[in-house]
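Chains U and P supply the protein sequences, listed in that same order.
Numbering-wise, our numbering puts 364 at position 355 of the first sequence, and it's gapless, one number per residue.
Numbering-wise, our numbering puts 219 at position 210 of the second sequence, and it's gapless, one number per residue.
There are 2 protein chains.
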Amino acid sequence: MTGAAVPRGTNRRRPEASIRRKPTINDVAQIAGVSFGTVSRVLNNAPDVSAATRQRVLQVIQDIGYRRNRAATALVTSRPTSIGIVAAGSPRFGPVGTLMALENVARKKGYATTVISAETPYEDSVQAALDTLDDIGVGGIIVIAPVVSMAAAVWNASCRVPVEMIAAGASSTPSVFTYSENQELGARLATQHLIDLGHTDIAHVAGSMDWFDGRVRKRGWEAALRAAGLTPGLCLEGDWTPRWAYETGLQLVRGGTVPQAIFAASDHTALGLIRAFAENGVRVPDDVSIVGFDDIEGSDYFLPPLTTVRQDFTALALMSMEVLVGAMEGREVDRTPIAPTLVVRNSATRAVPLKGQPPKDK
Amino acid sequence: MTGAAVPRGTNRRRPEASIRRKPTINDVAQIAGVSFGTVSRVLNNAPDVSAATRQRVLQVIQDIGYRRNRAATALVTSRPTSIGIVAAGSPRFGPVGTLMALENVARKKGYATTVISAETPYEDSVQAALDTLDDIGVGGIIVIAPVVSMAAAVWNASCRVPVEMIAAGASSTPSVFTYSENQELGARLATQHLIDLGHTDIAHVAGSMDWFDGRVRKRGWEAALRAAGLTPGLCLEGDWTPRWAYETGLQLVRGGTVPQAIFAASDHTALGLIRAFAENGVRVPDDVSIVGFDDIEGSDYFLPPLTTVRQDFTALALMSMEVLVGAMEGREVDRTPIAPTLVVRNSATRAVPLKGQPPKDK
DNA sequence: CCCTCGACCGTAAACGTTTACGATCAGTTC
DNA sequence: GAACTGATCGTAAACGTTTACGGTCGAGGG
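Quick look at the structure:
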């Protein structure tokens with residue numbers, strides 16, 4: 010190969026210096042004694058390569074540890090190579106496992122994930138996150154939007170790529186579609202369990218109504234009650250903290266208005282309630298039945314072990330990624346939400362007739 | 010959710026909306042009436058461009074919503090533009106907040122983060138993760154390696170870019186350096202608290218010795234005891250689950266060997282212990298003092314509220330990113346670990362003289 | 001008036017791929 | 001034996017930047 014008309018592809022500026030530089034497609038080609046075009050073909054599993062040649066190239070790739078430069082690939086094929094995830098900074102998330110599961114599915118499908126946090130759930134912050142992701146060249150975005158203000162921000166933002174929102178019970182728009190677990194069903198399951206146990210006075214110590222989860226769980230509670238011909242009783246709305254629940258519980262016992270049964274919006278809520286009751290001699294489940302929601306780690310070792318609702322975050326991640334990739338590739342994909350399951354333990358028990366009242370009183 | 014919401018700022022930011030294609034540096038140049046070289050200069054804050062021109066170019070960039078193509082940039086300058094994070098799939102992680110904090114710091118420093126999960130803590134899995142990250146062109150990698158087998162895998166793996174491991178008490182090597190919170194100090198704090206309360210019979214219900222956290226917390230317990238002239242008592246090693254702790258607790262009460270005080274390796278461990286004791290009439294803290302580790306959400310509403318040790322994951326993320334970026338840019342950076350803090354609540358109390366024994370015996 | 005010098009700006013080449021197209025060379029077919 | 005046909009392979013031209021270098025132009029020194 011003399012200097013005459015060195016074709017563009019050959020590595021001219023480095024004879025055989027063999028620096029620590031990453032090998033390129035040309036290095037492979039040269040060693041394998043083919044042109045870089047051929048190497049590209051084997052890289053992309055394209056036809057028009059003989060088995061023997063393919064084998065040889067593959068061998069060289071293996072030997073010198075060649076790895077395709079993603080930037081170059083991304084540059085020429087605008088085909089996206091990664092997926093963006095924007096997560097709120099909020100602590101009340103699914104476990105890290107959710108994120109990991111998301112990544113896992115994406116990787117198996119050949120996409121890298123880059124996650125980015127929205128500093129606030131408002132428009133500029135969300136738009137900034139979306140833009141940053143767009144820069145990177147993601148092919149689609151999943152935003153975890155537990156809070157309604159964040160969802161609103163997403164609806165108002167603009168983005169060139171498909172955006173999927175994980176937000177329980179939020180509505181889809183043409184440009185932003187939604188996926189989530191069927192938390193309303195979960196709430197109905199929990200409430201129904203209490204109903205089946207014979208309770209009629211079933212209160213709800215709710216989460217924040219700024220959260221979709223809070224809204225949807227409350228809705229499920231109401232729906233179950235109505236379906237059973239019961240009128241929804243007390244509903245206290247707060248935040249998700251054990252502290253708030255504790256204080257709420259205190260008020261209940263002080264006011265002498267502890268209900269027969271409580272559907273707590275989260276396990277942490279249940280935890281606060283239980284402590285407030287325990288400190289005042291109100292026994293769970295003997296005096297009041299409680300069921301929680303989330304099945305956080307350790308809830309099986311609360312005092313008493315908590316009957317609660319479990320969401321399958323891994324399945325959620327799997328499905329939502331399926332949906333997004335489907336949208337990116339223009340495929341249609343089934344979008345029936347995942348169903349949570351009730352896990353019954355010891356915090357809710359059969360209703361006993363209230364003292365001085367006939368049972369089945371209605 | 011009425012239709013009042015703007016239907017997702019459709020093309021609002023794209024006035025003339027000529028083509029769907031992203032504008033390039035050439036589009037900007039053409040509209041601004043300069044050459045692409047000039048645009049590149051203003052993009053990079055290079056000198057040799059007059060204030061007037063710079064202003065005009067900036068304006069055009071703003072107007073047409075130009076955003077620099079990262080792939081192209083990455084291709085020509087090999088300067089890294091992102092940071093990789095590999096996390097084990099394990100559930101026993103810090104909260105999502107840790108990951109988010111990591112991302113946050115990185116973004117502020119101008120790096121994107123891409124996280125990837127190692128499917129197993131073994132060598133091929135870890136190496137694969139490292140390779141994938143290398144492909145993407147990250148400038149440095151943070152691996153969260155709680156398990157010793159994973160750390161070993163990292164030590165044995167090869168990687169062209171700086172690798173930082175977050176692993177409590179693991180040693181640094183020339184190629185892989187380590188950062189973490191000072192968990193041994195945390196364990197000593199917890200134990201010392203018990204000692205200060207007058208306990209002399211302080212057992213440790215440990216975590217798994219496959220975890221750095223498990224090893225280091227045990228070491229801290231021993232160290233505190235020795236420093237106080239006490240000989241370490243019972244040490245039961247298990248996993249981190251409440252379940253195992255529960256069963257261990259059961260054995261303790263059945264054997265009549267419940268110690269005076271227990272340093273539990275984690276809050277979940279403490280939770281299991283507490284239940285086992287509660288179910289058998291052993292009162293916490295009256296009969297046995299317990300201090301946990303982690304300060305998980307809700308531990309302040311356990312029965313009783315748990316005295317425990319809190320790690321500052323945000324600070325950890327901040328510092329470790331600082332360290333990594335420092336290494337990437339060849340800077341020296343202070344690497345003193347972060348100190349956890351003891352948060353005292355109600356699960357540990359002053360020692361009472363054992364029945365039938367004189368106090369201050371031994 | 002020529003030369004030099006900054007300040008400003010344009011241009012070519014390179015980064016490592018993919019894609020479209022053209023070339024070569026057996027083997028077939030007539 | 002000429003022309004056609006696949007199968008296999010090589011080549012040029014992009015993709016959107018950055019970098020190194022070269023040019024122009026007006027001002028100022030001699």
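Every residue, glycine too, gets a C-beta built ideally from N, C-alpha and C.
Give the residues of chain P in contact with D143(U), contact being defined as C-beta atoms less than 9 Å apart.
-> K31 and R76
Note down, in chain order, all residues in the stretch 312 to 326 of chain P with a beta-carbon under 7 Å from any beta-carbon belonging to chain U.
-> L312
T123(P) CB to nearest chain U CB: under 7 Å?
-> yes
Would you mind working out which of R292(P), F286(P), A348(P) and T90(P) sits nearest V318(P), comparing C-alpha positions?
-> A348(P)
Enumerate in chain order the residues of its own chain whose CB-to-CB distance from A38(U) is below 6 Å, with the five nearest sequence positions on each side excluded.
-> S44, F45 and V48
Between which two residues does the alpha helix (DSSP H) carrying H208(U) extend?
-> Careful: H208(U) lies outside any alpha helix (DSSP H) and carries neither H nor E.
How would you write the range of the alpha helix (DSSP H) that T182(U) sits in, first residue to last?
-> Element bounds for T182(U): n/a, residue is neither H nor E.
Tell me where the beta strand (DSSP E) around E246(P) begins and ends.
-> C244 to E246
Taking just the CA atoms, how far does A160(P) sit from A179(P)?
-> 8 Å
With which residues is F272(U) paired in a DSSP beta bridge?
-> H213(U) and V300(U)
So is E112(P) in contact with chain U if we call contact Cβ pairs under 7 Å?
-> yes
Excluding sequence positions up to five away, which residues of its chain have a Cβ less than 6 Å from the Cβ of I283(U)?
-> V293
C-alpha gap between H202(U) and R77(U), whole angstroms = 55 Å
From this set, Q192(P), D72(P) and G242(P), which residue's C-alpha is nearest V214(P)'s C-alpha?
-> G242(P)
C-beta neighbour in chain U for G258(P), strict 7 Å = no
If D144(P) sits next to R88(U), beta carbons under 8 Å apart, how far is it from one beta carbon to the other, in whole angstroms?
-> D144(P) to R88(U), Cβ: 16 Å. No contact.
Give the DSSP bridge partners of T350(P), in chain order.
-> R319(P)
Using three-state DSSP, classify G93(U) as helix, strand or coil.
-> strand
Straight-line CA distance for L194(P) to L261(P)?
-> 27 Å
Which first and last residues belong to the alpha helix (DSSP H) in which E341(P) is found?
-> Careful: E341(P) lies outside any alpha helix (DSSP H) and carries neither H nor E.
Out of curiosity, what's the CA-to-CA distance linking I305(U) and D276(U)?
-> 7 Å
Select from V85(P), A196(P) and E338(P) the residue whose C-alpha is nearest the C-alpha of D303(P).
-> A196(P)
If I'm right that R226(U) touches M218(U) with Cβ under 8 Å, what's the distance once you round it to whole angstroms?
-> The pair is not a contact, with the Cβ atoms about 10 Å apart (cut-off 8 Å).
At a cut of 8 Å, does the stretch 143 to 158 of chain U reach the stretch 121 to 130 of chain U through at least three beta carbon pairs?
-> yes
Going by CA-CA distance only, name the one from V342(P), F322(P), T62(P) and A154(P) that's closest to M109(P).
-> F322(P)
Just to confirm, are A212(P) and P268(P) a CB contact at a threshold of 7 Å?
-> yes
For S329(U), does the count of other Cβ atoms within 10 angstroms reach 16, so buried, or fall short, so exposed?
-> buried
If we count the other Cβ atoms within 10 Å of its Cβ and call it buried at 16 or more, is G307(P) buried or exposed?
-> buried
What does a CB cutoff of less than 8 Å around V114(P) pick up in its chain, not counting 5 residues either side in sequence?
-> A326, L327, M330 and E331
Neighbour flag for G290(U) against chain P, beta carbons, 7 Å = no
Straight-line Cα distance separating E288(U) from N289(P) = 19 Å
Where does I125(P) sit, in a helix, a strand or coil, going by DSSP?
-> strand
Looking at the unbroken alpha helix (DSSP H) that takes in A159(P), where does it start and where does it end?
-> The amino acid occupying residue 159(P) in the given sequence is Met; Ala does not appear at that position. V157 to N165 is the extent of the alpha helix (DSSP H) around M159(P).
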